[in-house]
Ligand code: ATP
Ligand code: MG
Ligand code: MG
Ligand code: MG
């Protein structure tokens with residue numbers, strides 16, 4: 022089954038259960054300053070859950086464009102390293118606004134996976150929130166999942182990708198305990214079942230989260246009861262597609278086949294010659310062209326702060342991976358048409374904005390290609406010196422110089438370092454960055470005091486600065 026059919030089948034299934042099919046909202050949230058990018062299907066319904074907004078329906082289903090590359094849910098560092106994480110992905114969801122609750126949510130999910138998608142029941146595992154006996158009983162008694170495949174899990178235990186059965190959209194907002202469904206990709210893949218010490222592996226992959234929305238968390242961490250218990254679910258289209266197409270990695274699905282081939286061709290034409298088709302760098306590029314194009318299409322342009330800076334970080338990271346493979350001139354923007362061919366039918370806004378997206382990314386790419394070679398030379402040199410000295414951390418001054426003079430976002434520098442098994446002194450980097458911002462502010466004040474136009478660095482909205490910092494530090 023192709024991924025487009027899976028999307029369609031999901032939406033039709035929930036339509037047959039009385040849900041209204043609602044279009045995806047943009048990846049840039051309308052008027053929610055707590056959110057950098059849309060990170061889940063429920064975002065567009067946040068006010069409905071909170072009781073501030075009413076819709077003509079109490080059940081909805083969507084396929085939502087999501088970006089997780091900054092803020093609370095940040096998977097930028099995972100891309101290229103796990104089989105299941107993207108910066109951009111589609112989240113399939115069904116929602117109940119004070120309508121059905123645990124019993125129906127769980128039985129719908131099971132019916133779709135086992136009756137419609139025909140997944141073998143014995144390959145499915147579930148987790149429930151530690152003390153959620155109700156959900157446990159529904160899975161065990163009503164659905165018939167044996168106790169040995171139901172795992173009780175509490176709040177995040179601190180592991181890198183730890184299962185966490187209390188879902189929060191961000192530090193504030195709607196939240197609640199959840200139950201998650203995992204698929205066992207079999208003993209050929211490393212990793213333990215959810216809740217085990219080696220759950221970080223890719224054998225048992227989380228495919229679907231069903232959240233029982235019950236609280237609104239405020240800035241002080243206090244939980245207020247929602248007007249009505251509700252349901253919010255999210256299943257990654259790319260992950261369920263991998264399962265349905267009997268492949269392990271999302272990158273082996275039909276969604277990525279053409280994009281990966283296009284990425285390889287473009288990198289080869291830009292100087293790589295004949296790059297390794299299995300290189301993780303190609304996966305990073307194929308992933309990042311989706312995130313960058315959708316972000317530009319929804320109205321963001323690369324810049325030095327906020328959303329624009331997240332976009333710049335993703336784009337430059339992809340470009341650096343192409344450079345690593347041997348590309349010596351712009352290639353990244355030439356992938357936009359391949360993406361439009363792949364996803365333009367489901368997301369017509371891609372077709373409408375193809376030219377503009379190509380142009381915006383081309384300009385960003387041309388700008389970075391002017392400095393990347395010199396920056397890489399400095400970085401390579403520093404890494405070589407470290408090899409001789411045995412140091413494990415690249416100094417913050419070098420990272421800052423790369424950032425300031427050569428346009429290397431610090432996470433890009435960290436990405437290169439990670440490939441060589443070393444880290445970056447990010448604490449020192451941030452001290453230098455803060456000092457520079459302070460100087461820019463002072464200069465700005467001085468000029469304004471003298472009636473001159475402000476030309477300091479763009480430090481406008483601090484909420485986003487924090488998010489950018491947070492993202493960069495992960
Ligand atoms: P993981 O533990 O694998 O990082 P998650 O628990 O952070 O996933 P949720 O916030 O529960 O994910 O999101 C709901 C669903 O969205 C997940 O079950 C998964 O199918 C999908 N999903 C989440 N993050 C990503 C991602 N970065 N790329 C692709 N799919 C994702
Ligand atoms: Mg995650
Ligand atoms: Mg998880
Ligand atoms: Mg989850």
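In the working numbering, the protein residues as written are 22 to 495. Glycine residues also receive a C-beta, built at the ideal position from the N, C-alpha and C atoms.
Which runs of the alpha helix (DSSP H) at least 4 residues long sit entirely within the stretch 28 to 101? Give them in chain order.
67 to 71
Just grab the DSSP bridge partners of residue 145 for me.
Answer is 204, bridged to residue 145.
In chain order, what residues of the same chain lie with their CB nearer than 7 angstroms to the CB of residue 39, ignoring the 5 residues before and after it?
80
Just to check, is the beta-carbon of residue 230 closer than 8 angstroms to a non-hydrogen atom of ligand 4?
yes
Let me know the secondary structure DSSP gives residue 22 once reduced to three states.
coil
Under the DSSP definition of a beta bridge, which residues are partnered with residue 418?
Looking at the DSSP assignment, residue 418 forms no beta bridge with any residue, so it has no partner.
For ligand 4, I want to know if residue 227 counts as a neighbour, meaning its beta carbon is within less than 8 angstroms of at least one of the ligand's heavy atoms.
yes
Assign residue 138 to one of three DSSP states: helix, strand, or coil.
coil
Since residue 378 and residue 318 are thought to touch, with beta carbons under 8 angstroms apart, how far apart are those beta carbons, to the nearest angstrom?
6 angstroms
Assumed close pair residue 231, residue 130 - CB separation to whole angstroms, cut-off 8 angstroms:
Contact flag correct, Cβ pair sits at about 6 angstroms.
Residue 247 vs residue 314 beta-carbon contact at 9 angstroms
No; because the gap between Cβ atoms is not below 9 angstroms, this pair is not in contact.
Thinking C-alpha only, which one of 195, 268, 460 is nearest residue 260?
268
From which residue to which residue does the alpha helix (DSSP H) around residue 306 run?
301 to 318
Does the beta-carbon of residue 96, which I'm using as the reference point, lie nearer than 8 angstroms to any heavy atom of ligand 2?
Yes, ligand 2 has a heavy atom inside 8 angstroms of this Cβ.
By Cβ distance, which residues of its chain are closer than 7 angstroms to residue 171, with the 5 residues on each side in sequence left out?
147, 149, 157, 160, 161
Taking 8 angstroms as the cut-off, is the C-beta of residue 199 nearer than that to any heavy atom in ligand 1?
Correct: residue 199 has its Cβ closer than 8 angstroms to ligand 1.
Compute the beta-carbon to beta-carbon distance between residue 382 and residue 336, rounded to the nearest angstrom, for a pair I have assumed lies under 8 angstroms.
6 angstroms
Let me know if residue 413 comes out buried or exposed under the rule of 16 or more other beta-carbons within 10 Å of its beta-carbon.
Exposed, because fewer than 16 other Cβ atoms sit within 10 Å of the Cβ of residue 413.
Since residue 115 contacts residue 66 with CB under 8 angstroms, what's their CB separation in whole angstroms?
The pair is not a contact, with the Cβ atoms about 11 angstroms apart (cut-off 8 angstroms).
Is there at least one non-hydrogen atom of ligand 1 closer than 8 angstroms to the beta-carbon of residue 432?
no
Name the residue from 368, 401, 221, 292 whose alpha carbon lies nearest to the alpha carbon of residue 351.
292
Output the distance between the C-alpha atoms of residue 23 and residue 205, rounded to the nearest integer angstrom.
21 angstroms
Let me confirm a value: residue 63 is counted as buried when at least 16 other C-beta atoms fall within 10 Å, else exposed. Which label applies?
It is buried - the Cβ of residue 63 has at least 16 other Cβ atoms within 10 Å.
Relative to ligand 2, is the shortest distance from any of its heavy atoms to the C-beta of residue 89 smaller than 8 angstroms?
yes
Go ahead and label residue 391 buried or exposed: buried means 16 or more other beta carbons lie within 10 angstroms of its beta carbon, across all protein chains shown.
exposed
Span separating the alpha-carbon of residue 97 from that of residue 340
15 angstroms
Check whether the Cβ atoms of residue 61 and residue 107 lie closer than 9 angstroms to each other.
No, the Cβ-Cβ distance between residue 61 and residue 107 is not below 9 angstroms.
Just the Cα atoms here: how many angstroms apart are residue 202 and residue 87?
20 angstroms
Quick check: the Cα distance between residue 134 and residue 251, rounded to an integer number of angstroms?
Taking the straight line from one Cα to the other gives about 21 angstroms.
Among 309, 346, 321, 258, whose alpha-carbon lies nearest the alpha-carbon of residue 296?
Selected option, being the one with the closest Cα: 346.
Residue 229 versus residue 82 - alpha carbon distance
14 angstroms
Range covered by the beta strand (DSSP E) that runs through residue 227
Counting along the chain, the beta strand (DSSP E) containing residue 227 begins and ends at 225 to 238.
For residue 281, which residues of its own chain have a beta-carbon under 6 angstroms away from its beta-carbon, when the five flanking residues on both sides are left out?
303, 307
Exposed or buried, what is residue 137 when buried is set at 16 or more other beta-carbons lying within 10 Å of its beta-carbon?
So residue 137 ends up on the exposed side.
Under the criterion of a Cβ to heavy atom distance below 8 angstroms, does residue 106 qualify as lining ligand 2?
At least one heavy atom of ligand 2 sits closer than 8 angstroms to the Cβ of residue 106.
With distances taken from CA atoms, which of 324, 348, 323 is nearest residue 294?
348
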